[in-house]
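Quick notes on the structure that follows.
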Amino acid sequence: MSRQQRCDLRNGLLFVSPWLIGLVAWELYPILASLYYSLCEYSVLTPAAWIGLDNYRDLFTDEVFWKALSNTGFYAAFALPLDLICGIALALLLNTKVRGMVFYRAIFFVPSLVPMIALAILWLWMFNAQYGVVNYALGAIGLPGPRWLVDPAWAKPALVLMSLWGIGRAVVVYLAGLQDVPVHLYESADLDGASWHHKIRHITLPMISPVIYFNLILGIIGVMQVFAVPYVMTGGGPARATLFYTMYLYDNAFTYLRMGYACAMAWMLFLLILGLTLIATKVSERHVYYAGK
Amino acid sequence: MIHAILIALSCVFLFPLLWMISTSLKPIDQVMKLPPEWIPRPILIRNYLDAVNYIPFFQYAKNTLAICILGIIGTLLSCSLVAYGFARIRWPGRDALFILSLSTMMIPFPVTMIPLYGVFRTLHWIGTNRPLWVPAFFGSAFNIFLLRQFFLTIPFDLSEAARIDGCSELRIFKDVIVPLARPALMVVALFHFIYAWNDFLGPLIYLTKQETFTLSLGLQFYQSQHGGTQWHMLMAASTLVVLPVLILFFFAQKTFIQGIALTGLKG
């Protein structure tokens, strides 16, 4: 190693040293400790006691765990595709040559900035079974309004509907992708007499597929960890209908002080997210098109 | 045709926010009136004063702002330094470490949550706001990534010239790179503010005393005690929580949109 190289190495390490310390203190150590605790009985108040795979075994027979998992699965199965389709549709609408695009984009983006606490309280009020404006609007067009958040059958659909209000962030990403699609592709399609849905199917969607993939991955990571909004709105009720995975994990950790069990849940969550991401990647490999490659 | 659809959808998207403001200005008996009315009669600005006094809004706002500001300072300092080390200096092992930093983004927070709680408990930081801003001084993978990508676009000739003039790396960082990277630093600061203003799980875990609560936690506390009745006050408080974010958006709309588009396309 020359003098210059040694100097560069020293400088490089000095510049990244804050992150190196952080990596050990807030990432590597907690990851290893969490793996260890997941094999222990641990309440934070007393030292961890090794119990092997018992926590993981208990998960499989824990009814509440399965309930929380299926709630999360339900939410993901409806919210992910719905947000994806509506997000793309909205972006396509906004990408047409309408006047005031900046204005519309702002309107659709702003709700995604609303802090979760305000979001939760606002929709709690709008979904109010008796005085809520949602049921009033349904009544006005002759539909009977369900009792939404206090009805176990309707609480999750209410949360799925709410998630649509926050798609603006994804729309901005789709729009950026749409604006990168070369115009000449559409022009040659026009010459060949392609219809609008042909153009969307064979030009637009393939060209923005990397962005769709990106939003899908972010979506998976997000829905698997929903916490704040249902925690504030329902606390997991009614009848555990909105007890989602991370909420049950939180309860185990900080309400029942079963921290080892909660760590086991956290690792299962990591494996779930990893698995879903890998499936999404495998599926998208056939469909995602990277223009640069 | 498209205009008609867009206008209809805009109304749907704007409705909740307008309804929040409308409810926040109504007397309570009008709030609970069927059919619902749009225009508050009379318009009660007093709801806001009541909400602010009853909820200790300013106390919570002060606590939240302190966490936001300290966090922004920490994030800007640490992430820009680290990103410089990853983008502008060539050293053995750099790229492997950078990939390691990216892969930590894959770990969901619940995995590290419990040992972190243990660490902060040993440090006697539980009940203080320190767990919510001290880690920002040690960089975060996402912001490091964002800044590194930006630093890479700055011509290397500039730092080469400064190096020949005998500038140290720290001088180049301070006098050449940081001034040119101002737009990217703005994005990072803005995103961190939104994140910290919005954060709920962190404060819920670490803050135990009511006088240290953030707005998110304080509002949840109030809602859980008076929920289902005091809608006018809850809507007033919610409006006040949304307001700073809206104001920021109107002044920095371009930074927001570019920042989000940037993260989406480079990711």
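These protein sequence lines map, in sequence, to chains U and E. When we follow the numbering used here, the leftmost residue of the first sequence carries the number 4, and every step to the right adds one. When we follow the numbering used here, the leftmost residue of the second sequence carries the number 2, and every step to the right adds one. Glycine included, every Cβ here is placed at the ideal spot set by N, Cα and C.
So for residue i, helix, strand or coil by DSSP?
| i | result |
| --- | --- |
| U:Trp53 | strand |
| E:Glu38 | coil |
| U:Cys43 | strand |
| E:Val125 | For the record, residue 125 of chain E in the displayed sequence is His; it is not Val. Residue state, collapsed to three classes: coil. |
| E:Val318 | Absent from the structure is residue 318 of chain E, since the part of chain E shown begins at 2 and ends at 268. |
| E:Thr65 | helix |
| E:Gln221 | helix |
| E:Gly268 | Below a pLDDT of 50, predicted positions are generally treated as unreliable, and E:Gly268, at 40, falls in that range; no measurement from the model is reported. |
| E:Ile74 | helix |
| E:Leu159 | helix |
| E:Ser169 | coil |
| U:Leu48 | coil |
| U:Pro209 | helix |
| U:Asn138 | helix |
| U:Leu146 | coil |
| E:Ile44 | coil |
| U:Pro118 | coil |
| E:Ile258 | helix |
| E:Ile90 | coil |
Among residues of its own chain, excluding the 5 on either side of residue i, which ones have a beta-carbon nearer than 7 Å to its beta-carbon?
| i | result |
| --- | --- |
| U:Thr245 | Asn74, Ala158, Lys159, Leu162, Pro233, Thr237 and Gly239 |
| E:Leu205 | Leu218 |
| E:Val135 | none |
| E:Ala142 | Ser102, Leu103, Thr105 and Met106 |
| E:Val53 | Phe59 |
| E:Leu159 | Val177 |
| E:Leu15 | none |
| E:Cys80 | Gly140, Ser141, Asn144, Ile145, Leu148 and Val189 |
| E:Phe110 | none |
| U:Tyr40 | Ala51, Met262, Gly263 and Cys266 |
Would you give the residue range spanned by the alpha helix (DSSP H) that residue i belongs to?
| i | result |
| --- | --- |
| E:Phe139 | Unbroken run through E:Phe139: none, as it is neither H nor E. |
| E:Ser102 | Arg95 to Ser104 |
| E:Ala182 | It is not in any alpha helix (DSSP H) - E:Ala182 carries neither H nor E in the DSSP assignment. |
| E:Asn270 | Residue 270 of chain E lies beyond the stretch modelled for chain E, which goes from 2 to 268, so this question has no answer here. |
| E:Met33 | First-last for E:Met33: undefined, no H or E at that position. |
| U:Asp86 | Glu66 to Asn98 |
| E:Thr213 | First-last for E:Thr213: undefined, no H or E at that position. |
| E:Ser239 | Trp232 to Phe252 |
| U:Cys10 | Arg6 to Gly25 |
| E:Leu202 | Leu202 to Tyr207 |
| U:Arg172 | Gly171 to Gln182 |
| U:Asn218 | Ser212 to Val226 |
| U:Asn131 | Run containing U:Asn131: none; DSSP gives neither H nor E here. |
| E:Cys12 | Ile3 to Ser25 |
| U:Tyr189 | Val186 to Leu194 |
| U:Ala156 | That residue, U:Ala156, is in no alpha helix (DSSP H); it is neither H nor E in DSSP. |
| E:Phe174 | E:Phe174 -> no alpha helix (DSSP H), and no H or E assigned at all. |
| E:Met107 | Premise fails: E:Met107 is in no alpha helix (DSSP H) and is neither H nor E. |
| U:Ile110 | Met104 to Phe112 |
| U:His290 | Careful: U:His290 lies outside any alpha helix (DSSP H) and carries neither H nor E. |
| E:Arg131 | Arg131 to Trp134 |
| U:Trp29 | Note, U:Trp29: premise wrong, no alpha helix (DSSP H); not H, not E. |
| U:Trp199 | Trp199 to Lys202 |
Between which residues of its own chain and residue i is the CB-CB distance below 8 Å, once the five residues before and five after are set aside?
| i | result |
| --- | --- |
| E:Gly268 | Confidence in E:Gly268 is poor, its pLDDT being 40 and thus under 50, which makes the residue's placement unreliable; the coordinate value appears in the next sentence. Counting only Cβ-Cβ distances below 8 Å, and skipping sequence neighbours, we find nothing. |
| U:Tyr107 | Leu97 and Val101 |
| U:Ile203 | Leu95 |
Output yes or no for whether 8 Å exceeds the beta carbon distance between residue i and residue j.
| i | j | result |
| --- | --- | --- |
| U:Glu44 | U:Ile34 | no |
| U:Leu271 | U:Leu62 | With the sequence shown as reference, residue 271 of chain U is identified as Met, and Leu is not the correct amino acid for it. Yes; because the gap between Cβ atoms is below 8 Å, this pair is in contact. |
| U:Phe217 | U:Val175 | no |
| E:Met234 | E:Tyr61 | no |
| E:Leu148 | E:Val189 | yes |
| U:Tyr135 | E:Gly140 | The residue asked about is misnamed: residue 135 of chain U is Gly in this sequence, not Tyr. Cβ distance not < 8 Å, so U:Gly135 and E:Gly140 don't count as in contact. |
| U:Ala121 | E:Ile115 | no |
| U:Phe18 | E:Ile173 | no |
| U:Leu221 | U:Ala283 | no |
| U:Val117 | U:Ala132 | no |
| U:Pro209 | U:Tyr292 | yes |
| U:Gly90 | U:Ile206 | no |
| U:Ala92 | U:Leu181 | no |
| U:Leu125 | E:Ser239 | yes |
Quick one: residues in its chain with C-beta nearer than 6 Å to the C-beta of residue i, no 5 flanking neighbours on either side, listed in chain order?
| i | result |
| --- | --- |
| U:Asp57 | none |
| U:Met227 | Ile276 |
| E:Leu71 | Trp134 |
| U:Tyr59 | Ala267 |
| E:His193 | Gly72, Ile73 and Thr76 |
Check your understanding: What runs of the alpha helix (DSSP H), each 4 residues or longer, lie entirely inside the stretch 233-282 of chain U?
Key -> 248-253, all fully within the stretch 233-282 of chain U.
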